[in-house]
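These notes are about the structure you will find just below.
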């Protein structure tokens, strides 16, 4: 009664103007609103990064093309990589984590709501700083605009002598600022998951999504911080005349590569582990079975977290390390394959004998599993140092890591979008359009990235803006670029589906998938306070217990 | 069946999780450790690689007094937090002020050392690799001391305004974790810069 009398006058006066509603979003500390802002922000940058990739692919569609100049090609390459990693993949995954983790552990918000908002705005302004370089990058030198040093920014290319103007400084600052945001978010995730779980939810009863976000946050602390340190060193070099990466004063260019890849390789796991989390939540629900081997999944995730810290120099086999270092990094990289293989085994084990429903989220997850497996297999090939000497810095490598990032991360993300869209918006998406999106994108992905392995094996180096005709690369480059247009069409169907469903989709109800985790126990979209009363759980599938009081899970766990 | 239900019912009121403040601070310390590790690795990697002087063995003097001050401030802040937990705000204020003073002396001594190196020995961050790594590592630590001193001063102001009470003991403790970390890092920096690198 009391709550109704409070709610009514609000509803009566609630047609706030656009500025008022905008103001509400800007000042919000609600984890759901911040999560959605992360996701929308990342989608905008996904389109920008996609346009940059398309420009590169159009330039490479035929040999000796003049679509863009070599300088612009380098800028597009740098901006595409930096944007996609720091301002698409990380924010979108932080967004889903922000939205889902408190709901899934039965909490009313993150542990530090204001730190959460602060972290988001740091990341948002980091992105603006990066793109401001198009305007402010020339400085007084008349040098190039956007950064063109590659997303790995190898020394000594980044020194004042070779990178005049401010473009490299904008790159450094953007990455540094968004890195501080990531560290804040990671601290928040850990404090939330350790300290805010609802009564009864011991670590062993926590949803796998929360577990994997915990491991991801730990990796962010250990991996993003070295990048922050390296960026600070680079700024000291550029502004104060320090000599960290200055080879003329005895500095080392190779140590920048070490510092960068100590960040760079765990970063891959920062991105893929939340995707493992999506798949681990979606596959059981659409197989109508609990996850197979829950404790092993947790153990494998933690193992991946640890091992991923010891593999960075497999990015550096071609610079000439000692044979001991080559042997160690070959070995440690192959070891990562074991816990990853366990996960793939467990997802298939979950599907085995289950009643599989081939809805859009499940389609994307099944594609994820097999594509990620192939990406892992080419990873094992590249982990062998002698093989890497042959194919390192070729298009084979580009194909390999895009197989991970697009075939793995992006497919899992599309699955997550369709799975949680009803919860976030309160409306169902259009299943037919979603399947159309899947098939178009699936064809485009395989056309582009399966074929991309071949010019790599035929010797086409990465990072080149054009190539000679008649080396056997022409037809493959043409087909790769055609695949890109299929992917664009797929993404357009996806965005159209989301917009249409947001306005016209039928009401989804609280629990459209008959799922088992706590976010489906509250309304869609959830109220500001998430749960009217804080839930108490007794098993890993609290909603199963609620729906089947005669046969609850906690009897067996 | 009945036993488990009863056990669950009796277990419910005891649902206590670690407090979020210390958990967050330990997480932050993990991130900071990893930043310091990179700077320490750079320092160790570049020992003896400077192409020109001055070299560490010619210009560095071991800052024993400053080190004693900083390390003992870990003790004083521990006593400050212990006093506040007992509700003894007077003792808390004295120990807190002692921490602030000891930290201040450390920073002042670092400033004197830098003044000596810059104006008398001619060593700056751009002189050679030793200068680059020395000023960045010691400076990174010094900036953490500075942040700690600002927070200590803030606590002192609250104390003088009479706003610090027993229930704030946990916040003081969270800060003390940071301060202990800054001291522990100094042990590493001291070892690397003044013992290994000299």
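Residue numbers (our numbering), protein chains in the order written: chain D, 21 to 577; chain V, 7 to 204. Positions of the beta carbon are idealized from the N, C-alpha and C atoms, including for glycine. Predicted model, so just to flag it, every value in this text is computed and none were measured.
With respect to the 8 Å criterion, residue 216/D and residue 105/D are not classified as neighbours on the basis of their beta carbons. Residues of chain D whose Cβ lies closer than 7 Å to the Cβ of residue 55/V are, in chain order, 270. In the structure shown, residue 95/D falls within a helical segment according to DSSP collapsed to helix, strand and coil. For residue 185/V, the uninterrupted alpha helix (DSSP H) segment begins and ends at 175-196.
Less than 8 Å separates the beta-carbon of residue 402/D from that of residue 411/D.
When C-beta atoms of the region 234-254 of chain D are compared with those of the region 543-555 of chain D, fewer than three pairs fall below 8 Å, so the two segments do not count as touching. The criterion of a C-beta distance shorter than 8 Å is satisfied by residue 263/D and residue 138/V.
Residue pairing for residue 447/D: DSSP places it in a beta bridge opposite 527/D.
Taking the beta carbon of residue 260/D as reference, the chain V residues within 8 Å of it are 131 and 132, listed in sequence order. Within its own chain, the residues whose Cβ lies closer than 7 Å to the Cβ of residue 353/D, once the five positions on either side in sequence are excluded, are 331, 334 and 403, listed in chain order.
The region 136-148 of chain D makes contact with the region 46-57 of chain D: 3 or more CB pairs, one atom from each, lie closer than 8 Å. When 484/D, 577/D, 433/D and 544/D are compared, the shortest CA-CA separation from residue 294/D is found for 433/D. Within the model, the alpha-carbon separation for residue 220/D versus residue 72/V is close to 50 Å. Contact between the region 110-121 of chain D and the region 198-211 of chain D is established, with three or more Cβ pairs separated by less than 8 Å. Residue burial annotation: residue 42/D is exposed, with fewer than 16 other C-beta atoms found within 10 angstroms of its C-beta. For residue 60/V, no Cβ of chain D is located within less than 8 Å of the residue's own Cβ.
Contacts with chain V (Cβ-Cβ distance below 8 Å) from the region 277-294 of chain D involve 279 and 282, listed in chain order. Between residue 275/D and residue 51/V, the beta carbon gap of about 6 Å places them in contact (Cβ cut-off 8 Å).
With 16 or more other CB atoms across the displayed protein chains lying within 10 angstroms of its CB, residue 539/D is buried. Bridge pairing for residue 543/D: absent [DSSP]. For the region 26-41 of chain V, the set of positions with a beta-carbon nearer than 7 Å to some beta-carbon of chain D reads 26, 29, 30, 33, 34, 36, 37, 40 and 41 in chain order.
Secondary structure of residue 352/D (DSSP, three-state): helix.
Sequence-ordered contacts of the region 139-163 of chain V with chain D read 142 [C-beta pairs closer than 7 Å]. For residue 298/D, the enclosing alpha helix (DSSP H) covers residues 273-307.
Here residue 134/V is not near residue 273/D, since their CB atoms are 8 Å or more apart. Shown here for residue 466/D: same chain residues with a beta carbon closer than 8 Å to its own, the five before and five after excluded, namely 503 in chain order. Around the C-beta of residue 534/D, fewer than 16 other C-beta atoms lie within 10 Å, and the residue is accordingly described as exposed. Where residue 564/D is concerned, the enclosing alpha helix (DSSP H) starts and stops at 562-567.
Nothing from the region 499-531 of chain D brings a Cβ to less than 8 Å from some Cβ of chain V. Against chain V, the beta carbon of residue 250/D has neighbours under 7 Å at 44, listed in chain order. Looking from the CA of residue 22/V, the closest CA among 181/D, 214/D, 531/D and 88/D belongs to 214/D. Proximity of chain D to residue 51/V at the Cβ level (cut-off 8 Å) is accounted for by 272 and 275, in chain order. Excluding residues up to 5 positions away in sequence, 521, 525 and 528 lie with their Cβ nearer than 6 Å to the Cβ of residue 447/D in the same chain. The beta-carbon separation of residue 458/D and residue 380/D, rounded to 6 Å, stays under the 8 Å limit for a contact. Neighbours of residue 175/V across chain D, judged by C-beta separation under 7 Å, do not exist; the nearest C-beta is about 18 Å away. Any Cβ of chain D closer than 8 Å to the Cβ of residue 123/V would place that residue at the interface, and such an atom is absent.
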